[in-house]
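Numbering (the working numbering), first residue to last: 159 to 519. Just so it is clear, CB atoms sit at the ideal spot from N, CA and C, and this is done for glycine as well.
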């Protein structure tokens with residue numbers, strides 16, 4: 159036992175010495191890895207190669223002197239904080255307060271943009287947002303996003319204001335840019351998704367009181383896609399099928415206008431459901447002529463109330479059940495002999511140019 163205890167002590171000493179020797183190198187490696195993480199260097203573009211604080215201070219003083227409308231309450235404290243944490247901010251501020259900026263949002267604000275109260279801030283400040291827009295417009299070739307941002311904010315604010323008191327702040331601009339990033343830089347699509355959710359989904363109508371955060375927008379986008387709202391005619395690879403979809407879409411809209419109470423169908427959802435029926439997605443592929451006959455059976459023979467719930471062309475499972483009912487009724491009843499007459503008289507293939515189906519053009 160004494161021999162074993164001595165051996166254990168010696169081993170512990172060797173391990174301790176090895177750890178102590180390796181620890182400095184390990185700490186240096188971990189530190190380097192952390193500092194190189196791009197998530198922790200958001201402000202790198204504003205810090206690298208920037209003037210010394212004294213130069214930053216002079217630049218900020220000059221910008222404020224040229225723009226007295228934007229003078230902060232305590233200029234000295236504001237300049238000192240900005241020079242320390244945003245040493246390259248002066249050119250961005252000069253841009254934001256000039257006619258070179260493609261939006262007048264920053265020019266309309268009185269006073270200087272607020273800054274984060276703590277170093278290592280996790281919440282982006284008003285000045286962070288200004289710097290982000292400056293970068294988009296001047297170095298990232300996305301001035302279009304900055305140009306459209308104020309209109310996007312107003313569109314979303316108006317949609318929210320139908321149910322809640324909505325006051326837009328700079329955070330709305332940040333959130334909508336984050337949403338545009340999720341949609342591949344498409345700000346218009348991001349706004350479309352938000353407004354669609356606010357029109358059609360009670361959950362979002364209750365809970366959205368400001369421009370949604372990125373994580374919330376991703377959930378809204380999932381709802382939008384699940385409903386088929388991301389479908390376009392460009393999704394159809396075969397020209398012949400695309401033309402059939404246009405014809406069927408026009409016919410469906412005409413029937414809805416005449417017999418369905420005048421409601422306008424959702425172009426993406428109707429187009430997607432027609433496409434799925436034609437292509438055999440979830441059911442056996444249905445020829446265009448038979449889909450046209452099904453529409454006549456629904457609307458001209460009074461059967462729509464059994465299968466149609468809204469203005470949109472129904473999903474493939476509903477189409478499958480309706481086709482079975484139509485075939486059964488025509489086999490058993492006297493209407494079997496008038497199918498050809500109805501086909502000729504109804505003008506299913508007529509090209510009616512309706513603005514509701516503009517998205518299918």
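- For residue 288 against residue 272, the beta-carbon gap comes to about 10 Å, at or over 8 Å, which does not count as contact.
- With fewer than 16 neighbouring CB atoms inside 10 Å of its own CB, residue 475 falls in the exposed class.
- Of the residues assessed, residue 268 falls on the exposed side of the cut-off, its CB having fewer than 16 other CB atoms within 10 angstroms.
- Look at residue 325 here: in three-state DSSP terms it is coil, with no helix or strand label.
- Within the same chain, 382, 426 come within 8 Å of residue 388 by CB-CB distance, once the 5 residues on both sides are set aside.
- Boundaries of the alpha helix (DSSP H) around residue 353: 345-358.
- By the C-beta criterion, the region 370-379 is judged not to be in contact with the region 390-410, since fewer than 3 inter-stretch pairs fall below 8 Å.
- The C-beta of residue 405 has 16 or more other C-beta atoms within 10 Å across all chains shown, which makes the residue buried.
- In this chain, residue 227 is not harboured by any alpha helix (DSSP H), its DSSP state being neither H nor E.
- Between residue 397 and residue 471, the gap from beta carbon to beta carbon reaches 9 Å or more.
- Taken in chain order, the whole alpha helix (DSSP H) runs of length 4 or more contained in the region 364-419 are 372-384, 397-417.
- If you look at residue 304, you'll find it in the alpha helix (DSSP H) that goes 301-319.
- With 16 or more other Cβ atoms inside 10 Å of its own Cβ, residue 245 counts as buried.
- For residue 370, the number of other beta carbons within 10 angstroms of its own is at least 16, and it is reported as buried.
- With respect to residue 402, residue 469 sits apart: the two C-beta atoms are not nearer than 9 Å.
- Inter-residue distance for residue 460 and residue 378 is about 37 Å (C-alpha atoms, whole angstroms).
- Between residue 353 and residue 317, the C-beta spacing is below 9 Å.
- Nearest to residue 243 by C-alpha distance, out of 312, 214, 223, is 214.
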